[in-house]
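**Q** Counting with the numbering used here, you get residues 20 to 267 for the letters of the sequence shown.
From the three backbone atoms N, C-alpha and C, an ideal C-beta is built for every residue, glycine too.
Quick caveat: nothing in here was measured; it's all calculated off a predicted structure.
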Amino acid sequence: MIVYIQAEGNMPYNKNFAYAYYGFKEMGFEIKFFQTFEDLKEINKEDIVVGVVAITNAVLAKYGIKSDTVDYPKSLNKYLGRKTWVTTLNELDQKANYPLFIKPLEPKLFTGFVAKDRNDLYKTRCSFNEKIYCSEVVNFKSEYRVFVRYGKVLDVKHYSGSWKYVYDSNIITNCLNDYKEQPSGFTLDFGVTDDGRTLLIEVNDAFSLGCYGLDPLAYAKLLETRWAELTKKEDECDFLHEKNQFKK
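(1) Which class does residue 31 belong to by DSSP, given the choice of helix, strand or coil?
(2) Comparing alpha-carbon positions, which option in 264, 226 and 179 lies nearest residue 76?
(3) Can you tell me which residues form a DSSP beta bridge with residue 219?
(4) Just how far apart, CA to CA, sit residue 215 and residue 183?
(5) Quick check on the DSSP output: the alpha helix (DSSP H) that includes residue 243 runs from which residue to which?
(6) Is it true that the CB of residue 176 sits closer than 8 angstroms to the CB of residue 232?
(7) With DSSP as the reference, label residue 71 as helix, strand or coil.
(8) Need the endpoints of the beta strand (DSSP E) that residue 195 sits in, please.
(9) For a test of the three-state rule: what should DSSP assign to residue 261, helix, strand or coil?
(10) Taking the alpha-carbon positions, what's the residue 59 to residue 53 distance?
(11) Starting from residue 119, trace the beta strand (DSSP E) both ways and give me its first and last residue.
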């Protein structure tokens, strides 16, 4: 397996890719830098690509693979603590009760934000026929990312808000147990509200995501595990045969 990491010159393009570089390097994998999708002509299905979402999606599409968005799995609705639905910008423009949180179904099309009125919809710079997730606004005071590989929590990283608002670990454990259709690698983002509730913010696929300070070795293994599942190849980082113990 060759690890292709997006770079600028002879350095990883950003901190996330640097963490992946150090993780894969520690495991002894061959690493090659690239800058654009056109630089990946020699890539094989056994290899892994660490890059921006547009490029990783393009590589997967080359193999006829599309990663389904898993932001709000139905099995985890009870952990959201708020109404969440799919709509279009056009429907919100015609009739909506603001404020509302909106984010695109297509990953990274625009950054999710709270729309205070219909004029804020134009900030997306998208077609009003674009499908989006919409939800009631919740006052999160602190946010955490839970990294999961083969059904086990690797770590929990605080990434936004005040450290004084601490999550309820029992809720996270129950949520993980209820996520029966979970992939081999993903993250659960949780927030703690101003009234002390621990609520699920969203689920993120692990084939391309930020490290948020996760140990480089654990981060690299997480990326490879999910990439291997999507491409149906051997997980070359499964040294302890954890896949055999993983039950969906």
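**A** This is what the structure holds:
(1) Indexing the sequence shown from 1 puts residue 31 at position 12. Strand at residue 31.
(2) For this step, residue 76 is matched to residue 57 along the sequence shown. When only C-alpha atoms are compared, the closest one is 226.
(3) In the sequence shown, residue 219 corresponds to position 200, counting from 1. Bridge partners of residue 219: 209.
(4) In the sequence shown, counting from the first residue as 1, residue 215 sits at position 196. In the sequence shown, counting from the first residue as 1, residue 183 sits at position 164. Residue 215 and residue 183 have their alpha carbons spaced roughly 11 angstroms apart.
(5) Translated into positions along the sequence shown, residue 243 becomes position 224. According to the DSSP assignment, residue 243 belongs to the alpha helix (DSSP H) that extends over 235-250.
(6) The residue you call residue 232 lines up with position 213 of the sequence shown. The residue you call residue 176 lines up with position 157 of the sequence shown. Yes, they are a contact pair.
(7) Along the sequence shown, one-based indexing puts residue 71 at 52. DSSP, read as helix, strand or coil, puts residue 71 in coil.
(8) Your numbering for residue 195 matches position 176 in the sequence shown. Here residue 195 belongs to no beta strand (DSSP E); instead the alpha helix (DSSP H) covers 188-197.
(9) If you number the sequence shown from 1, residue 261 lands on position 242. It is helical.
(10) In the sequence shown, residue 59 corresponds to position 40, counting from 1. In the sequence shown, residue 53 corresponds to position 34, counting from 1. Their Cα atoms are separated by approximately 7 angstroms.
(11) On the sequence shown, residue 119 is found 100 positions in, with the first residue counted as 1. Element bounds for residue 119: 119-123.
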